[in-house]
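Visitor:
In the working numbering, the protein residues as written are 240 to 291.
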């Protein structure tokens, strides 16, 4: 049986680290609340459109 050469994953195989601004917007509660409202409005529009 031959020894297989096992190589580690390259750096390109892993996802990039989030930037400081990305981390800020993920943790910013007013932004999360705004996005929550926008998402709910989209869902309401789909549900109301399906019942007409």
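Think of the CB as a built atom: it goes at the ideal place given N, C-alpha and C, for glycine as much as any other residue. This one's a predicted model, so the numbers in the text were calculated from it and none came from an experiment.
So, helix, strand or coil for residue 249, using DSSP?
Guide: Reading the chain shown from its first residue, position 10 is the one you call residue 249. If DSSP states are grouped into helix, strand and coil, residue 249 belongs with coil.
Visitor: Just how far apart, CA to CA, sit residue 250 and residue 241?
Guide: Here residue 250 refers to the residue found at position 11 of the chain shown. Here residue 241 refers to the residue found at position 2 of the chain shown. Whole-angstrom Cα-Cα distance: 28 Å.
Visitor: Would you tell me roughly how many angstroms separate the C-alpha atoms of residue 284 and residue 259, rounded to the nearest one?
Guide: Working through the chain shown from its first residue, we reach residue 284 at position 45. Working through the chain shown from its first residue, we reach residue 259 at position 20. Rounded to whole angstroms, residue 284 to residue 259 spans 34 Å at the Cα level.
Visitor: By DSSP, does residue 279 sit in helix, in strand, or in coil?
Guide: In the chain shown, the residue the question calls residue 279 occupies position 40. Of the three classes helix, strand and coil, the one that applies to residue 279 here is helix, per DSSP.
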